[in-house]
Structures are given as C-alpha cells and as structure tokens.
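Under my numbering, read the sequence shown as residues 11 to 436, first letter to last.
Ideal Cβ placement from N, Cα and C applies to all residues, glycine included.
All remarks here apply to the structure that follows.
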Amino acid sequence: MESPLLTLVTAIAILASIFYVWAKYKLTYWQKRGVPTLPTNLIFGNFKDAMLLRVSPGYLLGRLYNEARGDPPFLGIYIMHKPFLILRHPKIIKQMIIKDFNFFQNRYFSSRNRNDKLGTDNLFSIDNPEWKYIRTKLSPTFTSGKLKQLFYLMVETSDNMKNFLDKKFAGDENKIQSIEVKDTSTMYTTDIVASLAFGISTNSFDQPTPEFYKRRFEGDSLVAQSAIFFIAGLESSSVTISFALYELARRPDLQDRVRTEIIDNLNKFGGLTYDSIQNMKYLMQVINETLRLYPPAPIIDRVATEDYKIPDTDIIIEKGTAVYIPLPGVHKNPKYHSEPEKFDPDRFSEERKNDMESCTFLPFGEGPRICIAFRVGMLQTAVGLIRILQGYEVSVNPNYKIEISTRNIFTTPANGIHLYFKKLHV
11 MESPLLTLVT AIAILASIFY VWAKYKLTYW QKRGVPTLPT NLIFGNFKDA MLLRVSPGYL
71 LGRLYNEARG DPPFLGIYIM HKPFLILRHP KIIKQMIIKD FNFFQNRYFS SRNRNDKLGT
131 DNLFSIDNPE WKYIRTKLSP TFTSGKLKQL FYLMVETSDN MKNFLDKKFA GDENKIQSIE
191 VKDTSTMYTT DIVASLAFGI STNSFDQPTP EFYKRRFEGD SLVAQSAIFF IAGLESSSVT
251 ISFALYELAR RPDLQDRVRT EIIDNLNKFG GLTYDSIQNM KYLMQVINET LRLYPPAPII
311 DRVATEDYKI PDTDIIIEKG TAVYIPLPGV HKNPKYHSEP EKFDPDRFSE ERKNDMESCT
371 FLPFGEGPRI CIAFRVGMLQ TAVGLIRILQ GYEVSVNPNY KIEISTRNIF TTPANGIHLY
431 FKKLHV
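The following block contains the structure:
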C-alpha cells in the first residue's frame with residue numbers, strides 16, 4: 011500500500027506538470043502571433059518586480075520598453091499569464107489613441123466592480139458612451155475664461171503657503187531651513203482642489219488635518235467626478251512642484267534664470283496675474299521638462315473594444331486586450347529626446363519644441379481622452395513655483411538622491427523631497 015507521503019508527492023508532481031504545460035502554452039500567445047516578446051517568468055510573466063513591490067508598475071513597464079530587442083514598434087508582455095501590448099513608436103501610438111480612437115475608447119485601469127461608484131463612474135475610468143456625455147458636460151468648466159475666474163483662488167492659496175514658509179524663518183531670516191517640499195506642495199494643492207472641486211475653503215497650512223478630510227459626501231456621479239479631480243489634481247501638481255524644485259536646486263544657474271523671469275514679469279504686470287503667467291515662457295519650459303522626466307501618471311492605458319488590425323501588419327489585437335504606453339520609456343528614449351536623463355528646459359523652447367516628434371511627450375495623455383483639467387494643473391503648478399522661487403533660494407545636498415515609490419501608481423518620492431530654503435530679501 012502506498013504511503014500518504016508518496017501519494018501527496020505524486021499529486022503535487024502531477025499538478026505541477028499540468029501547471030507547467032498550461033503556463034507555457036499561455037505564454038506563447040504573442041509568439042504565435044508574430045509579436046516581439048521578452049523572456050518571461052513561468053509564474054509572474056514579465057511583472058515579477060512590480061508584484062514583489064521592487065519597482066512601481068509604470069517604471070517596470072518603462073524598463074520593459076527599453077529592453078525590447080531591435081527597436082520594434084510594439085512589444086508583447088505578460089502580467090502573470092495575461093497578454094498585454096506595449097506601444098513603443100510614436101507613429102503607432104498616434105494611430106491607436108488618436109486616429110483609431112474608436113477601437114480604443116476605454117481605459118483598462120478602471121474598476122470593474124459596479125458597486126464601486128467612485129471607481130467606475132468618474133471621468134477617468136468610465137467607459138464610452140457615458141464618458142463622452144460626462145466630458146461634454148464638464149468641458150465648459152475648464153475654458154480659459156473659467157480659469158481666469160478661478161485664478162484668484164490659486165493666488166490666495168499660494169499666499170497662505172508663502173505665509174507658512176515665512177513663519178519658519180521667524181526670528182532669523184538669514185538661516186537656512188530644511189523643508190520637505192512634497193508635504194508643503196501637497197498642502198498647497200489640497201487647498202486649491204478642495205476649493206475648485208468642492209467649493210470648500212480650507213487652510214491646510216494652519217490646520218494639518220482640516221475639517222474637509224472628515225466630511226462625507228453623498229451622491230454618485232457628482233461625487234465620483236469630484237473625487238477623481240481631487241485625487242488627480244492633488245497628486246499630479248504636488249509632485250510636479252516638488253520634482254521641479256529638486257531639479258532647480260541641483261542647477262542654480264537655471265533657478266536664477268527662472269527667478270529672474272518671474273520677478274521681471276511680476277514687476278511688469280504689477281503682481282501675480284493671469285496675464286503675467288502667460289508671459290513666463292521659461293517657467294513653462296521648466297514645468298514641461300519636469301513632466302517629461304517625472305510624469306505623474308506614468309502609464310497611458312487603453313483596451314481594444316473590438317478586434318483591431320495593426321496597420322501595415324497581419325497582427326490582430328483581440329477585443330479585450332489592453333495596450334500600454336509607458337511614459338518613462340517614451341519620454342527618455344534618446345531617439346526622440348537627446349541626452350534624455352539631462353534636465354534641459356530649453357528642449358521646450360520655441361526654437362526646439364517644433365522639432366519634437368508628435369506623441370513623444372504625453373504627460374496628460376493625448377487624443378479625445380487627454381486630461382480634461384491639464385490647464386488647471388499647469389496653472390496651479392506655475393502659481394506654486396512662482397510663490398516659492400520669488401521668495402526663496404532652494405538648494406540640495408549634492409549627494410542627495412530621490413527614490414521613486416514602488417507602492418504608488420503615481421510617480422511620487424518614496425521618502426519625500428528634502429531641500430534647503432534660504433529667504434531672499436527682494
């Protein structure tokens with residue numbers, strides 16, 4: 011009679027063999043279709059490091075983008091045993107998310123739990139045709155005219171931030187103060203988004219946990235839109251301000267250049283006005299270059315709503331297959347951006363930006379589903395940077411390095427960003 015141990019070992023061996031054959035079969039999906047792939051892990055596919063929290067999903071996709079052999083226009087990968095397609099060349103990116111938008115109208119990264127109203131009913135996640143209806147209703151909120159009306163709220167919040175920073179120098183305005191800028195910029199963007207999205211006046215600088223955070227909101231669709239604007243607006247602008255300050259702290263020459271532009275325009279327009287910001291070209295170059303190096307949302311995702319034949323190929327993307335555009339890969343591809351690791355705001359100058367190939371700079375997405383509030387984000391980022399650089403010189407320890415969080419879908423520093431502030435007497 012066989013022992014129980016032998017029976018158990020035999021059963022495990024049989025199950026392992028079945029799993030091996032099944033997994034190997036699933037991991038030939040792209041190979042059978044003639045799509046370039048990378049070596050895979052039998053269990054994790056190509057996503058082991060993200061699943062073990064060694065690297066964030068967006069930056070792992072960027073790494074896979076760079077590991078493609080022979081610079082193919084697209085690359086087949088697997089998350090566990092499910093196939094996904096990475097888009098690599100700007101031509102095919104443009105084809106799918108702009109020209110052939112009807113095949114890729116919806117996002118893959120959205121909650122499929124219909125009881126999760128915040129996850130499914132917001133503009134970011136909701137599927138077409140509901141998406142088009144909601145976007146049409148919300149679009150008038152983000153016109154230039156509306157932005158001018160909302161601008162004073164941003165200025166008011168930036169004044170609160172300036173007062174908060176000034177208090178740190180009370181008693182000794184010549185000292186150098188270490189400040190965690192991610193925290194500071196998050197308080198700034200929290201107050202702006204709370205005011206714009208919810209109509210609530212808060213002051214996070216005086217009240218670390220304002221009453222706003224404790225409130226409950228009722229309803230479905232309206233709450234979902236407000237929630238996504240709060241989350242996206244808060245995080246994207248706060249990290250952009252933080253990373254911009256970090257890069258400018260590393261390059262005092264560029265910091266002086268943008269500060270000179272800021273002060274010249276504040277004097278020219280009699281203070282911080284909407285028109286003064288429109289004239290700060292170099293500041294906008296700094297923000298764009300920061301977004302290139304540190305895209306807040308590092309992945310653009312779409313899902314095929316029906317079978318799609320890739321132009322000039324015989325390859326069919328089957329309905330339900332997700333495609334990814336990893337911005338850390340596209341934005342740092344030396345084929346499209348010379349010296350891609352270098353912080354060079356002049357690559358967005360009037361003389362050079364027209365040389366940049368379409369769909370190689372996509373911090374807000376592109377096509378019909380481009381971020382509806384990107385101008386709000388740019389404006390509140392600019393106002394925050396103006397208030398800080400107007401009054402402070404920012405520096406950093408030369409050996410200080412930022413670690414990107416491996417537990418966040420956004421590009422955010424794992425341990426904040428600690429910089430040195432010195433008050434300017436201007």
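Distances from the alpha-carbon of H435 to those of T422, A204 and L399 put L399 closest. When rounded, the separation of the alpha-carbon atoms in R64 and I325 is 33 Å.
When rounded, the separation of the alpha-carbon atoms in L301 and L16 is 59 Å.
Per DSSP, the unbroken beta strand (DSSP E) holding R312 starts and ends at I309 to V313. Closest option to S248, judged by alpha-carbon separation, among K178, A307, N184 and K278: A307.
For Q187, DSSP records a beta bridge to F431.
Residue pairing of S405 in beta bridges, as defined by DSSP: Y430. Note that the segment 361–372 touches the segment 99–107; at least 3 beta-carbon pairs, one per stretch, sit closer than 8 Å.
For the set G339, R385 and L97, the Cα lying nearest the Cα of M294 is the one of R385. With contacts defined as CB atoms closer than 8 Å, L429 and L175 fail to qualify as a contacting pair. In terms of Cβ geometry, P344 and P350 form a close pair [threshold 8 Å]. Excluding five sequence positions before and after S188, the CB atoms of its chain that fall closer than 7 Å to its own CB belong to H428 and Y430, given in chain order. At a Cβ-Cβ threshold of 8 Å, F152 and I412 do not count as neighbours.
In the structure shown, N116 adopts extended strand secondary structure according to DSSP, grouped into three states.
Shortest Cα-Cα distance from E361 to any of T146, K291 and M171 involves K291. DSSP, read as helix, strand or coil, puts V340 in helix. Residue environment: I96 is assigned as buried (16 or more neighbouring CB atoms within 10 Å of its CB, all protein chains considered). For Y410, there is no enclosing beta strand (DSSP E), since its DSSP letter is neither H nor E. In this structure, the straight-line span from the alpha carbon of P305 to that of N56 is close to 22 Å. Take the alpha-carbon of I22 and the one of V296: they are about 58 Å apart. Under the DSSP assignment, K92 falls in the beta strand (DSSP E) whose first and last residues are K92 to L97. Contact between I251 and L389 is ruled out by a C-beta separation of about 12 Å, above the 8 Å threshold. Cβ-Cβ separation between P46 and R73: approximately 16 Å, too far for a contact (criterion under 8 Å). In the DSSP assignment, Y334 is bridged to I96 and D311. An exposed status is given to L25, since fewer than 16 other beta-carbon atoms sit within 10 Å of its beta-carbon. Secondary structure note for I89: its beta strand (DSSP E) is the uninterrupted segment F84 to I89. Here V393 is buried. Its C-beta has 16 or more other C-beta atoms within 10 Å. Check the Cα spacing between D59 and each of Y88, G387 and G181: the tightest is with Y88. With a minimum length of 4 residues, the unbroken runs of alpha helix (DSSP H) contained wholly in the segment 334–394 fall at 337–340. Beta-bridge partners of N51 (DSSP): G55.
In the structure shown, I320 falls within a coil segment according to DSSP collapsed to helix, strand and coil. Assignment of A180 by DSSP, reduced to helix, strand and coil, places it in the coil class. Rounded to the nearest whole angstrom, the CA to CA distance from A259 to A180 is 23 Å.
Take the alpha-carbon of R117 and the one of P14: they are about 50 Å apart.
CA-CA distance, P338 to T416, rounds to 14 Å. Between N418 and S154, the CB-CB gap reaches or exceeds 8 Å.
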